[in-house]
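Q: Numbers 3 to 142, taken from our numbering, label the letters of the sequence shown in order. For every residue, glycine included, the Cβ atom is placed at its ideal position computed from N, Cα and C. Because the structure is a prediction, the values reported are computed rather than measured. Here it is, the structure, as structure tokens.
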Amino acid sequence: MSNLVTVEWKGGMAFEATPPSGNSFIMDSVPDHGGNGLGPSPFEALVSSVAACSAIDVVLILQKKRLNISKYTIEITWTRPEEGVYPRPIVSAVVTHKISGENLNEDAVKQAVALSDEKYCSVIASLRSPVHVESKFEIV
3 MSNLVTVEWK GGMAFEATPP SGNSFIMDSV PDHGGNGLGP SPFEALVSSV AACSAIDVVL
63 ILQKKRLNIS KYTIEITWTR PEEGVYPRPI VSAVVTHKIS GENLNEDAVK QAVALSDEKY
123 CSVIASLRSP VHVESKFEIV
């Protein structure tokens, strides 16, 4: 699988992202910032990726332990510098896993969440790690 994502402008503030999987999605800005709210903002997509990445890990780990999940919700709260201070990166975040199931036990869930947080979730690891980002441009 390639490690190329293309993002194409669709007018206004809407952009269609096409990741290597081919499962495209629209990101847009909120109306206050010139968008039409056609999809999550890029920042919302980033934060949502933290939840989804960790949840996939936790589900896989609990399934391997033959534990049955009936309901699973992940909530993320975060703090950023105040409006007008740029850039506005996430400076702290709390990921809360709310899991229900008939045969779940606290130790297994605790271990699954810890393994995702500390070892498996690439999105969380990327936020914790300094990432070299280079911006280039081409006029075509």
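Would you kindly work out how many angstroms separate the C-alpha atoms of Met15 and Trp80, rounded to a whole number?
A: 24 Å
Q: Contact between the stretch 100-110 and the stretch 72-89: three or more CB pairs below 8 Å?
A: yes
Q: Please report the residue range of the alpha helix (DSSP H) in which Val52 lies.
A: That run of the alpha helix (DSSP H) goes Pro44 to Lys66.
Q: In terms of DSSP beta bridges, what is Met29 paired with?
A: DSSP lists Phe17 as partners of Met29.
Q: Alpha carbon to alpha carbon, how far is Leu6 from Leu48? Give it in angstroms, no decimals.
A: Rounded to the nearest whole angstrom, the CA to CA distance from Leu48 to Leu6 is 17 Å.
Q: Can you have a look at Asp109 and say buried or exposed, based on whether 16 or more other CB atoms are within 10 angstroms of its CB?
A: exposed
Q: If I measure Cβ to Cβ from Val125 and keep anything under 7 Å in the same chain, skipping five residues before and after, which residues do I get?
A: Ser51, Val52 and Cys55
Q: So what's His99 in DSSP terms, helix, strand or just coil?
A: strand
Q: Determine which residues share a DSSP beta bridge with Glu77 and list them.
A: Glu77 pairs with Thr98.
Q: Given a cut-off of 8 Å on the beta-carbon distance, is the pair Gly41 and Asp30 in contact?
A: yes
Q: What does DSSP give as the partner residue(s) for Val9 in the beta ladder?
A: Ala19
Q: In chain order, what residues of the same chain lie with their CB nearer than 7 Å to the CB of Gly39, ignoring the 5 residues before and after it?
A: Asp30, Val32 and Pro33
Q: Tell me which same chain residues have a C-beta within less than 8 Å of the C-beta of Pro22, skipping the five on either side of it?
A: Met3, Ser4, Asn5, Leu6 and Val7
Q: How would you label Phe139, buried or exposed, when you count the other beta carbons within 10 angstroms and need 16 or more for buried?
A: exposed
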